[in-house]
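J.: Please read through the structure below; I'll follow up with questions.
Residue numbers (my numbering), protein chains in the order written: chain S, 644 to 835; chain L, 90 to 259.
Put into structure tokens, the structure is as follows:
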């Protein structure tokens, strides 16, 4: 299963969500499908995409938030799973693309390549709904179900260790950040 | 426990009057009253962290959502949060109001706290983080308000160091 195919399969489902991604190959692939003002790419601070999603989800309880995480990033901040599980925001979906590799820095294997089980860790941390998916069909079904139902969920998608050749896009980090915040403000204005 | 309840409440009320609605925290002795007060305040979202660096992500998410937040941590927690501060808050211009208990300075009896005290201010200066002290009840409210104002206008992290003189009574 390719991460790009997964992203393509759920791209239209992300339209109404606030999306936070990790750095590297994943945001480059998502932008190759088309940037949207509701996408924020955290192009560093590995591990903090999930914490950012938690901040958004707690501050905006009526807004669906999707975090697009990776094995390397999540392994840097495993404690965040326990914090997510502690507050269980019903509007947060935590998607982890596990390619068993630090692909963006040369493909060095992570601990999931030697058996560390991210779904098991999420479940043991207290995340109420967890699953591992291995095909695009399973992935799409699981994500659509999660987005349309209430409850914190972690979905681990096992994907191949492949990605685009280049990661830098023409969207500047600050442009993305200010656009994202302004987009959220415009949503708030609409609901008033 | 000789942590000043009165001065902790002074700090808490100053945060509230700045409009802070979300507080991330990792407990330490000097922060107990602040955390307990937040816990019993239905208007405050208290997020108990596993590690202080998570608080940078939480505050960023809250900022994007238009919610004002603050971070409560010990100076060793500040050390643990440095990468997040640099590679998120600085990189993306995120305002952070960091209240840091300044352990390991004059009067410190716990040997394990002493190294953190030596490096806290040099690190804040090296990271270009504006900081001031909370060291007397009379100036707490204004200093918190001023720190918050600067964080919001400059879109950067600012630090307030909670000192022994303010927090400890014996």
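Heads up, the beta-carbon is just placed ideally off N, CA and C, and yes, glycines get one too.
Do you know whose CA, among S:746, S:831, S:693, S:800, lies nearest residue 776 (chain S)'s CA?
T.: By 1-based counting over the first chain, the position of residue 776 (chain S) is 133. For residue 776 (chain S), the nearest C-alpha among the options comes from S:800.
J.: Tell me whether residue 119 (chain L) is buried or exposed, calling it buried when 16 or more other Cβ atoms sit within 10 Å of its Cβ.
T.: As a first step, residue 119 (chain L) must be located in the second chain, where it is residue number 30. Label assigned to residue 119 (chain L): buried.
J.: Restricting to Cα atoms, I'd like to know which of L:228, L:232, L:207, L:227 is closest to residue 219 (chain L).
T.: Locating residue 219 (chain L) in the second chain gives position 130, counting from the first residue. Considering only alpha carbons, the answer is L:232.
J.: Examine chain L for any beta-carbon lying closer than 7 Å to the beta-carbon of residue 682 (chain S), and answer yes or no.
T.: Residue numbering aside, residue 682 (chain S) sits at position 39 when the first chain is read from its first letter. Residue 682 (chain S) does not count as touching chain L.
J.: Closer than 8 Å is the cut-off here; do at least three beta carbon pairs connect the region 175-191 of chain L with the region 205-221 of chain L?
T.: Judged by Cβ distances under 8 Å, the region 175-191 of chain L makes contact with the region 205-221 of chain L, as three or more pairs qualify.
J.: Comparing the C-beta of residue 698 (chain S) with each C-beta of chain L, is any distance below 7 Å?
T.: Mapped onto the first chain, residue 698 (chain S) falls at position 55. Yes, contact with chain L.
J.: Where does residue 152 (chain L) land, buried or exposed, given buried means 16+ other C-beta within 10 angstroms?
T.: Position 63 of the second chain, counting from 1, holds the residue named residue 152 (chain L). Buried.
J.: Hey, does residue 143 (chain L) have any beta-carbon neighbour from chain S nearer than 7 Å?
T.: Mapped onto the second chain, residue 143 (chain L) falls at position 54. By this cut-off, residue 143 (chain L) is an interface position.
J.: Could you tell me the boundaries of the alpha helix (DSSP H) in which residue 648 (chain S) lies?
T.: For the purposes of this step, residue 648 (chain S) is taken as the residue at position 5 of the first chain. Start and end: 646-653.
J.: Measure from the alpha carbon of residue 654 (chain S) to the alpha carbon of each residue in S:770, S:672, S:690, S:758, then state which is nearest.
T.: Residue mapping note: residue 654 (chain S) aligns to position 11 of the first chain, counting from 1. Minimum Cα distance to residue 654 (chain S) is reached at S:672.
J.: So is residue 141 (chain L) buried or exposed if we call it buried at 16+ other beta carbons inside 10 Å?
T.: One-based indexing of the second chain puts residue 141 (chain L) at position 52. Classification for residue 141 (chain L): buried.
J.: Note down, one range per segment and in chain order, each beta strand (DSSP E) of at least 3 residues found wholly within the region 668-733 of chain S.
T.: Within the region 668-733 of chain S, the complete beta strand (DSSP E) runs of at least 3 residues are 682-684, 708-713.
J.: What does residue 730 (chain S) reach in chain L if we use C-beta pairs closer than 8 Å?
T.: Numbered from its first residue, the first chain carries residue 730 (chain S) at position 87. Under the 8 Å cutoff, chain L gives 136.
J.: Taking only beta-carbon atoms, is residue 105 (chain L) less than 7 Å away from chain S?
T.: As a working note, residue 105 (chain L) is residue 16 in the second chain. So no, residue 105 (chain L) is outside the interface.
J.: My understanding is that residue 727 (chain S) touches residue 774 (chain S), with C-beta atoms under 8 Å, so please give their C-beta distance in whole angstroms.
T.: Position 84 of the first chain, counting from 1, holds the residue named residue 727 (chain S). Position 131 of the first chain, counting from 1, holds the residue named residue 774 (chain S). About 16 Å; that fails the 8 Å criterion.
J.: Under the DSSP definition of a beta bridge, which residues are partnered with residue 246 (chain L)?
T.: Here residue 246 (chain L) corresponds to residue number 157 of the second chain, with the count starting at 1. In DSSP, residue 246 (chain L) forms a bridge with L:185.
J.: Apart from the five residues just before and just after residue 647 (chain S), which ones in its own chain have a Cβ nearer than 6 Å to its Cβ?
T.: For the purposes of this step, residue 647 (chain S) is taken as the residue at position 4 of the first chain. Around residue 647 (chain S): 672.
J.: Distance cutoff 7 Å, beta carbons only. Does residue 694 (chain S) sit that close to anything in chain L?
T.: Reading the first chain from its first residue, position 51 is the one you call residue 694 (chain S). So yes, residue 694 (chain S) belongs to the interface.
J.: Are there 16 or more other CB atoms within 10 angstroms of the CB of residue 134 (chain L), so buried, or fewer, so exposed?
T.: The sequence position of residue 134 (chain L) within the second chain is 45, counting from 1. Flag for residue 134 (chain L) reads buried.
J.: Let me check understanding here. Comparing Cα to Cα, which of S:665, S:771, S:749, S:661 lies closest to residue 701 (chain S)?
T.: The residue you call residue 701 (chain S) lines up with position 58 of the first chain. Minimum Cα distance to residue 701 (chain S) is reached at S:661.
J.: Buried or exposed: where does residue 195 (chain L) fall if 16 or more other Cβ atoms within 10 Å of its Cβ makes it buried?
T.: On the second chain, position 106 is the one that residue 195 (chain L) refers to. Exposed, by the Cβ-count rule.
J.: Residue 804 (chain S) and residue 746 (chain S) - do their beta-carbons sit closer together than 7 Å?
T.: Counting from one through the first chain, the residue named residue 746 (chain S) turns up at place 103. Counting from one through the first chain, the residue named residue 804 (chain S) turns up at place 161. Cβ atoms of residue 746 (chain S) and residue 804 (chain S): closer than 7 Å.
J.: Could you tell me which uninterrupted alpha helix (DSSP H) segments, each at least 4 residues in length, are contained entirely in the region 764-816 of chain S, listed from first to last along the chain?
T.: List check, alpha helix (DSSP H) in window: 779-791.
J.: Could you pull the start and end residues of the beta strand (DSSP E) that residue 214 (chain L) belongs to?
T.: Counting from 1 along the second chain, the entry for residue 214 (chain L) is found at position 125. Segment 203-215 is the alpha helix (DSSP H) holding residue 214 (chain L); no beta strand (DSSP E) there.
J.: DSSP state of residue 138 (chain L), grouped into three classes?
T.: Residue 138 (chain L) sits at position 49 when you count from the first residue of the second chain. Reduced to three states, the DSSP call for residue 138 (chain L) is coil.
J.: Hey, how far is the Cα of residue 669 (chain S) from the Cα of residue 225 (chain L)?
T.: Numbered from 1 along the first chain, position 26 holds the residue referred to as residue 669 (chain S). Numbered from 1 along the second chain, position 136 holds the residue referred to as residue 225 (chain L). One C-alpha to the other measures close to 49 Å.
J.: Output yes or no for whether 7 Å exceeds the beta carbon distance between residue 772 (chain S) and residue 796 (chain S).
T.: Counted from its first residue, the first chain places residue 772 (chain S) at position 129. Counted from its first residue, the first chain places residue 796 (chain S) at position 153. Yes, the pair counts as a contact, with Cβ atoms nearer than the cut-off.
J.: If residue 113 (chain L) sits next to residue 155 (chain L), beta carbons under 8 Å apart, how far is it from one beta carbon to the other, in whole angstroms?
T.: Numbered from 1 along the second chain, position 24 holds the residue referred to as residue 113 (chain L). Numbered from 1 along the second chain, position 66 holds the residue referred to as residue 155 (chain L). With a Cβ gap of about 17 Å, residue 113 (chain L) and residue 155 (chain L) do not count as contacting.
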